[in-house]
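Under my numbering, read the sequence shown as residues 4 to 76, first letter to last.
Just so it is clear, CB atoms sit at the ideal spot from N, CA and C, and this is done for glycine as well.
A quick note: this is a predicted structure, and the numbers were derived from the prediction, not measured.
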Amino acid sequence: MDTNTILLISTCFASFFTFQVIFHVVSYWFSAKISPGFNNLNFKKKIEWNSRGDPSLGKVNVAIASGYLVSGM
Numbered sequence: 004m005d006t007n008t009i010l011l012i013s014t015c016f017a018s019f020f021t022f023q024v025i026f027h028v029v030s031y032w033f034s035a036k037i038s039p040g041f042n043n044l045n046f047k048k049k050i051e052w053n054s055r056g057d058p059s060l061g062k063v064n065v066a067i068a069s070g071y072l073v074s075g076m
């Protein structure tokens, strides 16, 4: 494999792993810190709560990347 293919595959795996950690670990911790009622929710409601924040992180990521690309032009 050439270097670009390896870099692409590595970036995809690293991105997937990072967002899984954010979703399953960081979002639970952060939600419990900012909302005292979070710990009283059942498992299904916690998943629903945390899945609403994940698209927001994606939007922030796109905004930062877009700003970076526009600033380079």
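Task: Cβ-based burial, residue 2 [other Cβ within 10 Å; buried from 16] - done: Because the chain spans 4 through 76 in this model, residue 2 falls outside it and cannot be assessed.
Task: Span separating the alpha-carbon of residue 60 from that of residue 46 - done: Numbered from 1 along the sequence shown, position 57 holds the residue referred to as residue 60. Numbered from 1 along the sequence shown, position 43 holds the residue referred to as residue 46. Taking the straight line from one Cα to the other gives about 22 Å.
- [ ] Please work out which residues of its chain come closer than 8 Å, Cβ to Cβ, to residue 69, disregarding the five sequence neighbours upstream and downstream, and give them in chain order.
- [x] Taking the sequence shown and counting its residues from 1, one reaches residue 69 at position 66. None.
Task: Check whether residue 53 and residue 38 have beta carbons under 7 Å apart - done: Within the sequence shown, residue 53 is the residue found at index 50, counting from 1. Within the sequence shown, residue 38 is the residue found at index 35, counting from 1. No.
Task: Nonlocal neighbours in the same chain, by C-beta distance under 8 Å from residue 48, ignoring five residues either side - done: As a working note, residue 48 is residue 45 in the sequence shown. Cβ neighbours of residue 48 beyond the five flanking positions: none.
- [ ] State the DSSP-derived secondary structure class of residue 61, mapped to helix, strand or coil.
- [x] As a position in the sequence shown, residue 61 is number 58, starting the count at 1. Helix at residue 61.
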